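*Asks:* I'd like to ask some things about the structure below.
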Amino acid sequence: MQGILLTGMPYAGKSTAGKEVADLLGFQFFDGDTEIEKLHPDRQRYLDENGDDAYIDMEAKVIMGLPLKKVVHAPGGSIIYSKDVKSHLKDCFKVYLKVSLDVLKERITDDDRRGIVRLKHKGIGALYAERERLFNEYFDATLAVDGLDPDTVARAIVSLYALHNLTTEKRGMRYVSTNGHSTASFSEAMKLGLAPDKGLFVPETIPSFPAERLRLMRHLTYPQTAFVVMRQFADIPDDGLRKMCEDAYTFDVPIEGHEDITIARMDRGPTASFKDFAAQLLSRMMTHAADGRKLAILTATSGDTGGAVAAAFKGLPHAQVAILMPLGEVTDTQRRQMTTAGGNITAVCVKGTFDDCQALAKRAFSEMKGLSSANSISVGRLLPQVAYHFYVWGRSGADTIVVPSGNLGSLVAGIIAKRIGLPVRFIAAVNANDEVPRFFSSGSYAPVVPSKACISNAMNIGNPSNLARLVWLYDGRMDEKGNILKQPDMEAMKKDILAVSITDDETRKAIKDAYAKGIVLEPHGAVGYAAVQKLSSKGLGKAVLLETAHPVKFPRELKAAGVPFTVPLSLAGLEKLEEHYLTIEPDFGELRKIISRMQQ
25 MQGILLTGMP
35 YAGKSTAGKE
45 VADLLGFQFF
55 DGDTEIEKLH
65 PDRQRYLDEN
75 GDDAYIDMEA
85 KVIMGLPLKK
95 VVHAPGGSII
105 YSKDVKSHLK
115 DCFKVYLKVS
125 LDVLKERITD
135 DDRRGIVRLK
145 HKGIGALYAE
155 RERLFNEYFD
165 ATLAVDGLDP
175 DTVARAIVSL
185 YALHNLTTEK
195 RGMRYVSTNG
205 HSTASFSEAM
215 KLGLAPDKGL
225 FVPETIPSFP
235 AERLRLMRHL
245 TYPQTAFVVM
255 RQFADIPDDG
265 LRKMCEDAYT
275 FDVPIEGHED
285 ITIARMDRGP
295 TASFKDFAAQ
305 LLSRMMTHAA
315 DGRKLAILTA
325 TSGDTGGAVA
335 AAFKGLPHAQ
345 VAILMPLGEV
355 TDTQRRQMTT
365 AGGNITAVCV
375 KGTFDDCQAL
385 AKRAFSEMKG
395 LSSANSISVG
405 RLLPQVAYHF
415 YVWGRSGADT
425 IVVPSGNLGS
435 LVAGIIAKRI
445 GLPVRFIAAV
455 NANDEVPRFF
465 SSGSYAPVVP
475 SKACISNAMN
485 IGNPSNLARL
495 VWLYDGRMDE
505 KGNILKQPDM
515 EAMKKDILAV
525 SITDDETRKA
535 IKDAYAKGIV
545 LEPHGAVGYA
555 AVQKLSSKGL
565 GKAVLLETAH
575 PVKFPRELKA
585 AGVPFTVPLS
595 LAGLEKLEEH
605 YLTIEPDFGE
615 LRKIISRMQQ
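Below is the structure:
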């Protein structure tokens, strides 16, 4: 792999940080001054006796004799004067560690014996200005290090290096429909939601990362991880996409290690749900794609999607959003997140199940023009979820990722991550809506009609839309009615995914069992926890559960289990806000009127 070159003014901490960078990456480390002292123990004496130019030439010979691959070099700043050295090191990733002139003046004394080239002739101020200009012309990245401890500096360098190496290639991605008749660019597919042939858009090809690049992803921040992943799929210029990721992801994913399971807390976003990871970036990407034109967005929710979409699009002047939710099947907190948004957000309660809501939405996309989706049928909602699988794996060392599953968006995103190179397998943990485990067992697909009401309400889905994508990923084909037109490779699918159904009684028991071990879970996370217990004999290795929502959203079940919880700031005071919503039968005519008013 490409080597790393660290340099800057004296006392920038090159050697201290460089050693840690080498440890983090498993590279060799070479300190330029140490290498010189093997030949000339008194560097200052050599400089005094031979002059600046001779010192520069001597240093060049030393540096040019060192290897360039899988190394961290920390030579003196005077290498910037040698054309030969700069040419020799040009393929390294070059980082300028910048200290301010004021700090430098505090550190360099009149009797300094470090062998600082040109210091005596120019003085510290002029030397600083000269070298800074040369550093800025030559180096790939600049890192201001005043006030930073060596560990922070080292991790920042590794992060910059990883990002540099992971963004050297970018694909011009096209999208095809699972029904095989429609193609589109990313922006077109995102705006359309459902393909014109009624299928779901999928990437025409999936990039593959070699193992060395995957290992580098462990060192990225979450915004960087999202940027690296999404630039493979989105037709958005890098500068714009990078800023979108930085703006969208101001929250992190805490990883909790426990005796028999690791928990990835996906509930730290603005609506305390993992849906924030997709919705926050989706709103920014759709704004970019709209380019000032009006957006009409329709989404159906079984729980957390609606609140995340409302928060992500609220107040955007170009967007009007309608959110369909099944009346009585979402929790009070989930409902209020949608009904109190107001403004450009219209909450619609449907007297039916989530499958009714989803059917209404799909018909609207099929029959009405100018509608976009914020559901995971949209590639703009689906693909940002790929990033958190990489991030969780990088931070936890997961062998198995446990995905509480309903509409299968998170699972499909995980399989896309696996195709890119993520070395894990998955558990698809579902509630009593068990169409997926039955499909895995028999190879024959039969939806649950009507869907069953379970306490893990966001997973009350009897006919998941993203199953068509999952089938496509394993070389099969499923039409929009759920008919298997070409059987997927079921053996490969079952090798990658274990699917299991958990009852409400098992879910409630899991909430109590987890709490006895110091783990607070809400019902969806508890389904995943119970799945791990049920499949413990399957050689899971290190299992990491994606906890999908904050427990406070499900107070009834947690109180019944005797599990205390606290209210996060993002949800505090929600019950005091006034609700506004419409109520309709699962009738397309009523929905058409709402959408028509929204599009005026």
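Per my numbering, the sequence shown starts with residue 25, numbered consecutively. C-beta: ideal position from N, C-alpha, C; glycine also. Note that this is a predicted model, so its numbers are computed, not measured.
To the nearest angstrom, report how far apart Thr607 and Pro350 are at their CA atoms.
*Replies:* Going from the Cα of Thr607 to the Cα of Pro350 covers about 10 angstroms.
*Asks:* Would Glu571 be called buried (16 or more neighbouring beta carbons within 10 Å of its own) or exposed?
*Replies:* Burial call: buried.
*Asks:* Quick check: the Cα distance between Val576 and Glu599, rounded to an integer number of angstroms?
*Replies:* Computed Cα separation, rounded: 13 angstroms.
*Asks:* Would you list, in sequence order, the uninterrupted alpha helix (DSSP H) runs of no fewer than 4 residues that lie entirely inside the region 375-460?
*Replies:* Whole alpha helix (DSSP H) segments, 4+ residues: 378-391, 403-406, 408-420 and 433-444.
*Asks:* Please list, in chain order, all residues of the same chain as Arg405 whose beta carbon is under 8 angstroms from its beta carbon, the five residues on each side excluded.
*Replies:* If we look at Arg405 and ignore the five residues flanking it on each side, its Cβ neighbours are Ala302, Ala303, Leu306, Ser397, Ala398, Asn399 and Gly433.
*Asks:* By Cβ distance, which residues of its chain are closer than 7 angstroms to Lys215, with the 5 residues on each side in sequence left out?
*Replies:* Result list for Lys215: Ala313 and Ser396, in chain order.
*Asks:* I'd like the list of long-range same chain contacts for Asp76, defined as Cβ closer than 7 angstroms, with 5 residues on each side in sequence excluded.
*Replies:* Closer than 7 angstroms at the Cβ level, and outside the excluded window around Asp76, lie Val141 and Arg142.
*Asks:* Thinking Ala452 and Ser429 are a contact (beta carbons under 8 angstroms), I'd like their distance in whole angstroms, please.
*Replies:* With 8 angstroms as the limit, Ala452 and Ser429 qualify as a contact, their Cβ atoms being about 4 angstroms apart.
*Asks:* Thr166 and Ile104: beta carbons closer than 9 angstroms?
*Replies:* For Thr166 and Ile104, no; Cβs fall outside 9 angstroms.
*Asks:* Determine the burial state of Ala482: buried for a count of at least 16 other Cβ atoms within 10 Å of its Cβ, exposed for fewer.
*Replies:* With 16 or more Cβ atoms within 10 Å of its Cβ, Ala482 is classed as buried.
*Asks:* What residues in its chain sit with their C-beta under 7 angstroms from that of Arg493, if we drop five residues either side in the sequence?
*Replies:* Taken in chain order, the residues that qualify are Thr202, Leu224, Val226 and Val436.
*Asks:* According to DSSP, Val345 sits in a beta bridge with which residue or residues?
*Replies:* Note: Val345 sits in a beta bridge opposite Ile321 and Ile369.
*Asks:* Under the three-state reduction of DSSP, which class applies to Arg501: helix, strand or coil?
*Replies:* In the structure shown, Arg501 sits in a strand (DSSP, three-state: E or B).
*Asks:* Per DSSP, Glu236 forms a beta bridge with which residues?
*Replies:* Answer is none; Glu236 lacks a bridge partner.
*Asks:* Give a yes or no on contact between the region 380-394 and the region 309-328, applying the rule of three or more CB pairs nearer than 8 angstroms.
*Replies:* A contact exists between the region 380-394 and the region 309-328.
*Asks:* Tell me whether Ala596 sits in a helix, a strand or coil according to DSSP, three-state version.
*Replies:* Three-state DSSP puts Ala596 in coil, outside helix and strand.
*Asks:* Does DSSP classify Gly149 as helix, strand or coil?
*Replies:* If DSSP states are grouped into helix, strand and coil, Gly149 belongs with the helices.
*Asks:* Pair every Cβ in the region 465-481 with every Cβ in the region 443-450, then say whether three or more of these pairs are closer than 8 angstroms.
*Replies:* As far as the Cβ criterion goes, the region 465-481 does not touch the region 443-450, which means the pair count is below three.
*Asks:* Leaving out five residues before and five after Met310 in sequence, what residues of the same chain have Cβ atoms less than 7 angstroms from its Cβ?
*Replies:* Correct list, in chain order: Met214, Leu319, Ser396 and Gly404.
*Asks:* Does DSSP put Met621 in a helix, a strand or coil?
*Replies:* Going by the sequence as given, residue 621 is Arg instead of Met. Arg621: helix per DSSP, three-state reduction.
*Asks:* Assuming Phe163 and Val95 make a contact with CB atoms under 8 angstroms, what is their CB distance in whole Å?
*Replies:* Phe163 to Val95, Cβ: 17 angstroms. No contact.
*Asks:* Let me check understanding here. Comparing Cα to Cα, which of Gly149, Ser111 and Asp513 lies closest to Lys85?
*Replies:* Minimum Cα distance to Lys85 is reached at Ser111.
*Asks:* Taking the straight line between their C-alpha atoms, what separation do you get for Arg317 and Asp503?
*Replies:* The straight-line gap from Cα to Cα measures roughly 32 angstroms.
*Asks:* In chain order, what are the residue ranges of uninterrupted alpha helix (DSSP H) at least 4 long that sit wholly in the region 516-598?
*Replies:* The qualifying runs are 528-540, 547-558 and 579-584.
*Asks:* Compute the distance between the beta-carbons of Val177 and Gly37, then report whether it is under 9 angstroms.
*Replies:* Taking 9 angstroms as the Cβ cut-off, Val177 and Gly37 qualify as a contacting pair.
*Asks:* Applying the criterion that 16 or more other CB atoms from any shown protein chain within 10 Å of the CB defines a buried residue, is Pro261 buried or exposed?
*Replies:* Its Cβ having fewer than 16 others within 10 Å, Pro261 is exposed.
*Asks:* Please report the Cβ distance between Gly339 and Gln361, rounded to the nearest whole angstrom; I am assuming they are in contact, meaning their Cβ atoms lie under 8 angstroms.
*Replies:* That pair is no contact at about 15 angstroms.
*Asks:* What residue range is occupied by the uninterrupted beta strand (DSSP E) comprising Phe53?
*Replies:* Where Phe53 is concerned, the enclosing beta strand (DSSP E) stretches over Gln52 to Asp55.
*Asks:* DSSP three-state call for Gln26: helix, strand or coil?
*Replies:* Three-state result, Gln26: strand.
*Asks:* If distances are taken between C-alpha atoms only, which option among Glu546, Leu564 and Lys562 comes closest to Pro579?
*Replies:* It is Glu546 whose Cα lies nearest to the Cα of Pro579.
*Asks:* Gln256 and Lys194 - do their beta-carbons sit closer together than 9 angstroms?
*Replies:* For Lys194 and Gln256, yes; Cβs fall inside 9 angstroms.
*Asks:* Can you list, in chain order, the residues of its chain whose CB lies under 7 angstroms from that of Ala336, leaving out five sequence neighbours each side?
*Replies:* Answer for Ala336: Ala303, Gln304, Leu306 and Ser307, listed in chain order.
*Asks:* Check each candidate in Thr295, Asp47, Thr40 and Ala98 and name the one with the smallest Cα separation from Glu59.
*Replies:* The residue with the shortest Cα to Cα distance from Glu59 is Ala98.
*Asks:* Compute the beta-carbon to beta-carbon distance between Leu121 and Gly27, rounded to the nearest angstrom, for a pair I have assumed lies under 8 angstroms.
*Replies:* Not really, about 16 angstroms apart at Cβ, beyond 8 angstroms.
*Asks:* Identify the continuous alpha helix (DSSP H) that holds Thr355 and give its terminal residues.
*Replies:* Neither: Thr355 is in no alpha helix (DSSP H) and is coded neither H nor E.
*Asks:* Using alpha carbons as the reference points, say which of Asp284, Asn507 and Arg359 lies closest to Thr424.
*Replies:* That would be Asp284, whose Cα lies nearest to the Cα of Thr424.
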